[in-house]
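The next block holds one structure in the form of structure tokens; read it before the comments.
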Amino acid sequence: MEYIKNRFFQRASRCTAEYQRIRKEYGDKVIGQVTIDQVLSGQKGIPALVCDTSKLDANEGIRFRGFNLPELREKLPKLTTEGEPLPEGLFYLMLIGEIPEMDDVMNISRDWATRSHVPQHTFDVIDAIPKVARPMTFFTAAIISMASESVFQKAYRAGVHKKFYWDFMYEDVMNLIAKLPRVAAYIYRRLYHNDHHIEPNPTLDWAGNLAYMMGFDNLEVKRLLRLYMVIHADHEGGNVSAHATHLVGSALSNAYYCFAAGMTGLAGPLHGFANQEVIHWLFEMIENLETDEPSDEQIAGYIEKTLKDGRVVPGYGHAVLRITDPRFTVQQEFAEKYVKNDSLVNLVNNIYRVAPPILEATGKIKNPWPNVDAFSGALLHHYGITEYNFYTVLFGVSRALGVLAQLILDRLYNVPIERPSSFPLSWFKEKAEGTKEGC
Ligand code: HAX
217 MEYIKNRFFQ
227 RASRCTAEYQ
237 RIRKEYGDKV
247 IGQVTIDQVL
257 SGQKGIPALV
267 CDTSKLDANE
277 GIRFRGFNLP
287 ELREKLPKLT
297 TEGEPLPEGL
307 FYLMLIGEIP
317 EMDDVMNISR
327 DWATRSHVPQ
337 HTFDVIDAIP
347 KVARPMTFFT
357 AAIISMASES
367 VFQKAYRAGV
377 HKKFYWDFMY
387 EDVMNLIAKL
397 PRVAAYIYRR
407 LYHNDHHIEP
417 NPTLDWAGNL
427 AYMMGFDNLE
437 VKRLLRLYMV
447 IHADHEGGNV
457 SAHATHLVGS
467 ALSNAYYCFA
477 AGMTGLAGPL
487 HGFANQEVIH
497 WLFEMIENLE
507 TDEPSDEQIA
517 GYIEKTLKDG
527 RVVPGYGHAV
537 LRITDPRFTV
547 QQEFAEKYVK
557 NDSLVNLVNN
567 IYRVAPPILE
577 ATGKIKNPWP
587 NVDAFSGALL
597 HHYGITEYNF
607 YTVLFGVSRA
617 LGVLAQLILD
627 RLYNVPIERP
637 SSFPLSWFKE
647 KAEGTKEGC
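When you number the sequence shown by the working numbering, it's gap-free, plus one each residue, and the end is 655.
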């Protein structure tokens with residue numbers, strides 16, 4: 217398996233030199249200006265981070281190393297021509313920057329299978345948390361608990377030279393990604409299947425094994441989870457989970473700490489937890505309207521009530537996108553192909569027809585179109601994964617692929633500790649109005 221690591225190092229070390237050269241030779245070059253609105257609206261649009269794994273365009277959607285989702289679904293290796301790409305292939309692409317061959321993908325798959333052993337103390341930690349806790353609490357605690365395995369941490373303590381940090385980070389990242397399906401499935405079986413756990417099947421691919429260990433040993437769920445793991449894997453560097461992972465990494469924290477930080481961010485309702493909020497909101501709508509086939513007028517009324525109550529319509533809007541999220545469209549196409557007459561899927565499609573004009577009419581929501589979370593829950597639910605409190609954990613397993621690939625790159629580039637400046641509100645007032653008075 218060393219050849220994947222060597223190939224990564226050969227390709228990426230050229231970029232390390234470029235990172236340092238650009239910093240040294242062009243450090244003074246101005247690349248943008250920062251407005252007060254950008255800072256006060258959550259640093260939107262400020263070019264502040266290096267992220268090679270993917271880039272988000274407001275009017276086109278996500279591209280992974282230059283490839284959009286339809287291109288990836290065509291080009292990345294699959295187990296069968298009818299199937300979905302293997303997430304291992306996307307990881308390779310994000311890490312190395314090239315579309316892999318099937319052999320490369322199978323090598324990563326086998327490598328992860330050999331690294332997938334989860335330490336007993338992690339299961340003990342999961343078992344010790346009361347079942348009333350949220351699945352994301354179990355997930356982040358389990359990730360943190362595995363930090364005892366960090367080879368980076370040990371190497372750092374032993375005084376290894378900084379030019380080798382990336383190598384230990386690579387090992388930690390591969391180990392961590394390899395263990396996540398087992399951890400997620402263990403939490404799922406503990407919470408919803410009375411601790412009847414299913415041991416991993418080392419002959420299966422990473423996502424296929426996740427489906428298997430959750431108790432879904434069928435082609436359909438495996439195909440869905442492969443797609444799910446690909447479309448949720450990365451969304452450039454500035455989203456909360458990616459940025460938190462990167463930020464903590466800049467302090468040379470180990471991969472487990474960094475990823476746990478990303479996951480606590482993903483667990484927020486404006487980010488990955490929105491995939492649970494969507495289903496919660498749909499069921500609430502069905503209960504309130506006393507029908508699972510509401511008319512367009514009923515849907516419109518429910519959306520308006522949600523807005524009037526000062527709540528967000530989950531699954532709609534985005535901090536960057538200004539179109540229907542291509543990740544929504546991919547799932548919609550998947551449903552069109554494989555799902556017939558599912559009331560939840562039909563409802564999601566009907567909301568897509570009704571919601572955007574209402575959200576647009578508020579005059580303040582910048583993107584009235586659906587994001588990835590608007591569809592994912594209905595698909596999981598259709599295939600029998602009905603415990604929607606668990607959905608953000610699945611998102612988290614997938615998100616590991618992008619943010620941790622970038623973390624290896626960060627360590628290879630030797631990115632310095634992140635430290636933007638902060639100012640009191642009165643400073644901004646003075647910048648804007650020339651006075652601090654009243655603040
Ligand atoms: N429903 C109601 N109000 C919304 C809204 C929605 N779906 N989307 C935005 N708004 C509101 C904002 O709350 C904000 O209101 P205030 O001025 O009163 O604070 C206003 O419209 C302007 O917001 P914006 O500039 O359009 O959007 P932001 O960049 O501030 O926020 C969010 C982007 C995704 C957080 C936002 O659209 C939202 O809350 N959506 C619903 C939750 C959701 O689906 N989150 C998942 C996003 C995708 C993701 O990260 N997945 O993991």
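All C-beta atoms in this analysis are idealised placements derived from N, C-alpha and C, irrespective of residue type, glycine included.
Beta carbon of residue i nearer than 8 Å to that of residue j
{"i": "Ala394", "j": "Ser332", "result": "yes"}
{"i": "Phe489", "j": "Ile359", "result": "no"}
{"i": "Pro351", "j": "Val609", "result": "yes"}
{"i": "Val674", "j": "Ser366", "result": "In the structure displayed, the chain extends from 217 to 655; residue 674 sits before or after that span and is not available."}
{"i": "Leu288", "j": "Val529", "result": "no"}
{"i": "Gly650", "j": "Phe355", "result": "no"}
{"i": "Met362", "j": "Tyr404", "result": "no"}
{"i": "Phe550", "j": "Pro586", "result": "no"}
{"i": "Pro485", "j": "Tyr532", "result": "no"}
{"i": "Ile312", "j": "Phe224", "result": "yes"}
{"i": "Leu498", "j": "Leu595", "result": "no"}
{"i": "Lys581", "j": "Ala516", "result": "Looking at the sequence shown, residue 581 is not Lys but Ile. Cβ atoms of Ile581 and Ala516: not closer than 8 Å."}
Buried or exposed (CB count within 10 angstroms, at least 16 for buried), residue i
{"i": "Ala471", "result": "buried"}
{"i": "Glu493", "result": "buried"}
{"i": "His448", "result": "buried"}
{"i": "Ile238", "result": "exposed"}
{"i": "Phe397", "result": "Contrary to the premise, residue 397 reads as Pro rather than Phe in this sequence. Pro397 should be labelled buried."}
{"i": "Asn491", "result": "buried"}
{"i": "Ile220", "result": "buried"}
{"i": "Val415", "result": "The amino acid at residue 415 is misidentified as Val; the sequence shows Glu. By the 10 Å Cβ count, Glu415 comes out exposed."}
{"i": "His377", "result": "exposed"}
{"i": "Phe606", "result": "buried"}
{"i": "Leu256", "result": "exposed"}
{"i": "Tyr242", "result": "exposed"}
Residue i, DSSP secondary structure in three states
{"i": "Pro303", "result": "helix"}
{"i": "Asn284", "result": "strand"}
{"i": "Lys647", "result": "helix"}
{"i": "Gly277", "result": "strand"}
{"i": "Pro542", "result": "helix"}
{"i": "Leu420", "result": "coil"}
{"i": "Ser361", "result": "helix"}
Cβ-heavy atom distance, residue i to ligand 1, below 7 Å
{"i": "Asn391", "result": "no"}
{"i": "Ile581", "result": "yes"}
{"i": "Gly531", "result": "yes"}
{"i": "His459", "result": "no"}
{"i": "Leu617", "result": "no"}
{"i": "Val173", "result": "Any question about residue 173 goes unanswered here, given that the chain covers just 217 to 655."}
{"i": "Asp589", "result": "yes"}
{"i": "His496", "result": "no"}
{"i": "Asn455", "result": "yes"}
{"i": "Leu596", "result": "no"}
{"i": "Leu575", "result": "yes"}
Limits of the alpha helix (DSSP H) - the one that residue i falls within
{"i": "Lys521", "result": "Asp512 to Lys524"}
{"i": "Glu503", "result": "Ala490 to Leu505"}
{"i": "Thr480", "result": "Ala471 to Leu482"}
{"i": "Asn391", "result": "Tyr381 to Tyr408"}
{"i": "Asn222", "result": "Glu218 to Tyr242"}
Delimiting residues of the beta strand (DSSP E) encompassing residue i
{"i": "Ser559", "result": "Premise fails: Ser559 lies in the alpha helix (DSSP H), Ser559 to Ala577, not in any beta strand (DSSP E)."}
Ligand 2 heavy atom lying under 7 Å from the CB of residue i
{"i": "Leu486", "result": "What this structure holds is ligand 1, not ligand 2."}
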